[in-house]
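Peer 1: I have a structure I would like to understand better, so I am pasting it below and will then ask my questions one at a time.
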Amino acid sequence: MNRPAVPDILRIVLADPHSTGGGQVRYVAALASELRKRGHDITVACRMDSLLERLVAPENVRVLHLSYPRGLKPARWVRDFHLCKSFLSEHRPHVLHVNGSQDHWLFASVNHLLGHPCAVVRSRHNTYPVSAHILNRVLNRKWTDWQILVGPALMPLYTGHPVFDPSRVTVVQNGVDVDRFRPDPAKRALARSRFGFTDVEIVCGIVARLTPAKGHRYLLEAVAGLKDEIPALRILALGSGELEQELKNMVDALGLSGRVVFAGYREDMDVCVHAMDFGAQPSVGTEIAPFSVLEIMACGIPLVVSDYGGLPYAVTDGEDGFVVPHGTAEPLREAIRSLALDPEKRRKLGEKARQRVVRSASMDTFLSGTVRVYQSAYDRVVRRR
Numbered sequence: 001m002n003r004p005a006v007p008d009i010l011r012i013v014l015a016d017p018h019s020t021g022g023g024q025v026r027y028v029a030a031l032a033s034e035l036r037k038r039g040h041d042i043t044v045a046c047r048m049d050s051l052l053e054r055l056v057a058p059e060n061v062r063v064l065h066l067s068y069p070r071g072l073k074p075a076r077w078v079r080d081f082h083l084c085k086s087f088l089s090e091h092r093p094h095v096l097h098v099n100g101s102q103d104h105w106l107f108a109s110v111n112h113l114l115g116h117p118c119a120v121v122r123s124r125h126n127t128y129p130v131s132a133h134i135l136n137r138v139l140n141r142k143w144t145d146w147q148i149l150v151g152p153a154l155m156p157l158y159t160g161h162p163v164f165d166p167s168r169v170t171v172v173q174n175g176v177d178v179d180r181f182r183p184d185p186a187k188r189a190l191a192r193s194r195f196g197f198t199d200v201e202i203v204c205g206i207v208a209r210l211t212p213a214k215g216h217r218y219l220l221e222a223v224a225g226l227k228d229e230i231p232a233l234r235i236l237a238l239g240s241g242e243l244e245q246e247l248k249n250m251v252d253a254l255g256l257s258g259r260v261v262f263a264g265y266r267e268d269m270d271v272c273v274h275a276m277d278f279g280a281q282p283s284v285g286t287e288i289a290p291f292s293v294l295e296i297m298a299c300g301i302p303l304v305v306s307d308y309g310g311l312p313y314a315v316t317d318g319e320d321g322f323v324v325p326h327g328t329a330e331p332l333r334e335a336i337r338s339l340a341l342d343p344e345k346r347r348k349l350g351e352k353a354r355q356r357v358v359r360s361a362s363m364d365t366f367l368s369g370t371v372r373v374y375q376s377a378y379d380r381v382v383r384r385r
């Protein structure tokens, strides 16, 4: 008897447990929008009033509200379990694409209880270690059909790990809408005006949560060392987080008052990044395949990035940006000096940066790779029947 074919149009649940978030939430929102445009039936399983719910609201996708409790809260877990069970029984999705720990355990366990009718796909977004205990082996080898790694820097962490089957681990590089993120003089004028930058000021931008892992302190220290040599140099920090007040205090202590703009979290990033003359991403932790770096590059803006995690996979030193050692300010300062003082270098590196993203990190490439994983994962479900 021939097996039924994997359908071209899939019913997909995209799940994420965060109330706020950064690149991971934007990853799920981008998938929801673009997969829906291509005809797939999309449900987003998220917390009520979460950032993810706000981001997908214009897309008119189905939303399943779950609480994703942390810790021992049995009543809320039971409620989520029954909501998931009812939803899967009624809508019969082909793919459950989970992105965190709570949603992974929830959907995989409900799916197992129902006889594994859906393919479970887990995306891995960070370098947090996965324990090799027996429950994780059951979750990832038996209850999960495929693992997506969002950047090649993760591959060494997973291919030799006893919890994972390396034949069911695939790298799918994050993708960017290169039509939305592209050089645009009108957006540049709007963004520079919005943040109060004059034509003569040189703006180094960073798009990142204000957390220790993102390395803002090294950027501030680097620019402080240039404040007399390049008095027109400014910093634009896009993002919010726990270190905001500490970083503002650091700005004052380093004598950078009036030279740093903390702009908070922004949803119109395609406009905001155009305020930059160049970008910086001096991360010291958890950086794998940041959307922000690819989006800035797609706009024809070069960056200085650290050599941590997946950043060297996004930028080639001296070709489309600069890569410097992480956790130190001096090499970062020299790269910033080079870009700040040479507009022609910025232009040439920026052109190469956009070409790289268009070639290897477009939305079409990202979606095609993701859908291929869905089809391979669902084929495993079909073969088990």
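Residues in the sequence shown are numbered from 1 upward in steps of one, following this note's numbering. All C-beta atoms, glycine included, are put in the ideal place defined by N, C-alpha and C.
According to DSSP, what are the bridge partners of V121?
Peer 2: H97, W146.
Peer 1: Which residues bound the alpha helix (DSSP H) around F81?
Peer 2: Its alpha helix (DSSP H) spans residues 74 to 91.
Peer 1: At a cut-off of 7 Å, is V121 close to the ligand ATP when judged by its beta-carbon and the heavy atoms of the ligand?
Peer 2: By its list of ligands, the structure shown contains no ligand whatsoever, and the ligand ATP lies outside what it can speak to.
Peer 1: Using C-beta distances below 8 Å, list every residue in its chain close to E229, excluding the 5 sequence neighbours before and after it, in chain order.
Peer 2: Contacts found: R337.
Peer 1: Could you confirm whether any beta carbon from chain D is found closer than 8 Å to the beta carbon of D16?
Peer 2: The question asks about chain D, but that chain is absent: this structure has only one protein chain.
Peer 1: Tell me the DSSP secondary structure of G264 in three-state form.
Peer 2: Reduced to three states, the DSSP call for G264 is strand.
Peer 1: Kindly indicate which residue of D320, V261, M297, K214 has the alpha-carbon position closest to the one of G22.
Peer 2: Out of D320, V261, M297, K214, K214 has the C-alpha closest to the C-alpha of G22.
Peer 1: My assumption, with CB atoms under 8 Å, is that E344 sits in contact with G309. Please give the rounded CB distance.
Peer 2: At roughly 31 Å, the Cβ-Cβ gap does not stay under 8 Å, so E344 and G309 are not in contact.
Peer 1: If you drop the 5 nearest sequence neighbours on each side, which residues of the same chain put their C-beta closer than 8 Å to that of S109?
Peer 2: Closer than 8 Å at the Cβ level, and outside the excluded window around S109, lie F81, W143.
Peer 1: Suppose contacts are defined by Cβ-Cβ distances below 8 Å. Is Q281 in contact with L303 by that definition?
Peer 2: In contact: Q281 and L303 (Cβ atoms closer than 8 Å).
Peer 1: What is the C-beta distance between P219 and I235, in whole angstroms, given that I count them as a contact (C-beta under 8 Å)?
Peer 2: Note that residue 219 is Leu in the sequence shown here, rather than Pro. At roughly 7 Å, the Cβ-Cβ gap stays under 8 Å, so L219 and I235 are in contact.
Peer 1: Would you give the residue range spanned by the alpha helix (DSSP H) that Q355 belongs to?
Peer 2: Unbroken alpha helix (DSSP H) run through Q355: 343 to 360.
Peer 1: Rounded to whole angstroms, what's the CA-CA distance from G285 to C204? Just pull it up for me.
Peer 2: G285 and C204: Cα-Cα distance of roughly 21 Å.
Peer 1: Would G71 and P17 qualify as a contact pair, given that the criterion is a beta-carbon distance under 8 Å?
Peer 2: Contact: no.
Peer 1: In the structure shown, what three-state DSSP assignment does T316 receive?
Peer 2: Coil, per DSSP.
Peer 1: Is V44 closer than 8 Å to L96 when the C-beta atoms are compared?
Peer 2: No, they are not a contact pair.
Peer 1: Here's the rule I'm using: 16 or more other beta-carbon atoms within 10 Å means buried, otherwise exposed. How should H133 be labelled?
Peer 2: With fewer than 16 other Cβ atoms within 10 Å, it is exposed.
Peer 1: Hey, L367 and G175 are a contact pair by Cβ (cut 8 Å); roughly how many whole angstroms apart?
Peer 2: Indeed, because the Cβ distance is near 7 Å, the residues count as touching under 8 Å.
Peer 1: According to DSSP, is V6 helix, strand or coil?
Peer 2: It is coil, neither helix nor strand.
Peer 1: Which of helix, strand or coil does DSSP assign to L236?
Peer 2: L236: strand per DSSP, three-state reduction.
Peer 1: So, for A5: in the same chain, excluding its five sequence neighbours on each side, which residues have a beta-carbon less than 7 Å away from its beta-carbon?
Peer 2: If we look at A5 and ignore the five residues flanking it on each side, it has no Cβ neighbours.
Peer 1: Classify A232 as buried or exposed, calling it buried when 16 or more other Cβ atoms lie within 10 Å of its own Cβ.
Peer 2: The residue is exposed, with fewer than 16 neighbouring Cβ atoms inside 10 Å.
Peer 1: Return the first residue and the last residue of the beta strand (DSSP E) that T170 is part of.
Peer 2: 169 to 171 is the span of the beta strand (DSSP E), which, as asked, contains T170.
Peer 1: If you compare alpha carbons, which of D317, H91, D268 is closest to R54?
Peer 2: Residue D268 is the option with its Cα nearest to R54.
Peer 1: What are the residues that DSSP puts in a beta bridge with D41?
Peer 2: Per DSSP, R11.
Peer 1: Exposed or buried, what is M1 when buried is set at 16 or more other beta-carbons lying within 10 Å of its beta-carbon?
Peer 2: Here M1 scores only 46 on pLDDT, less than 50, and its place in the model is too uncertain to base an answer on.
Peer 1: Flag this pair as yes or no: are the beta carbons of V146 and V121 separated by less than 8 Å?
Peer 2: In the sequence as presented, Val is not what sits at residue 146; that position holds Trp. Contact: yes.
Peer 1: Distance check for L35 and D364, CA to CA, integer angstroms please.
Peer 2: Spanning the two alpha carbons is a distance of roughly 10 Å.
Peer 1: Which residues bound the alpha helix (DSSP H) around R137?
Peer 2: Its alpha helix (DSSP H) spans residues 134 to 137.
Peer 1: Assign R124 to buried or exposed, taking buried as 16 or more other Cβ atoms, counted over all protein chains shown, within 10 Å of its Cβ.
Peer 2: By the neighbour-count rule (16 or more Cβ atoms within 10 Å), R124 is buried.
Peer 1: Compare the C-alpha of I296 against each of L113, S19, W77, D184 and name the closest.
Peer 2: When each option's Cα is compared against that of I296, the closest is D184.
Peer 1: Count the CB pairs spanning the region 46 to 63 and the region 19 to 33 that are closer than 8 Å, and state whether there are at least three.
Peer 2: With the cut-off at 8 Å, the region 46 to 63 and the region 19 to 33 touch.
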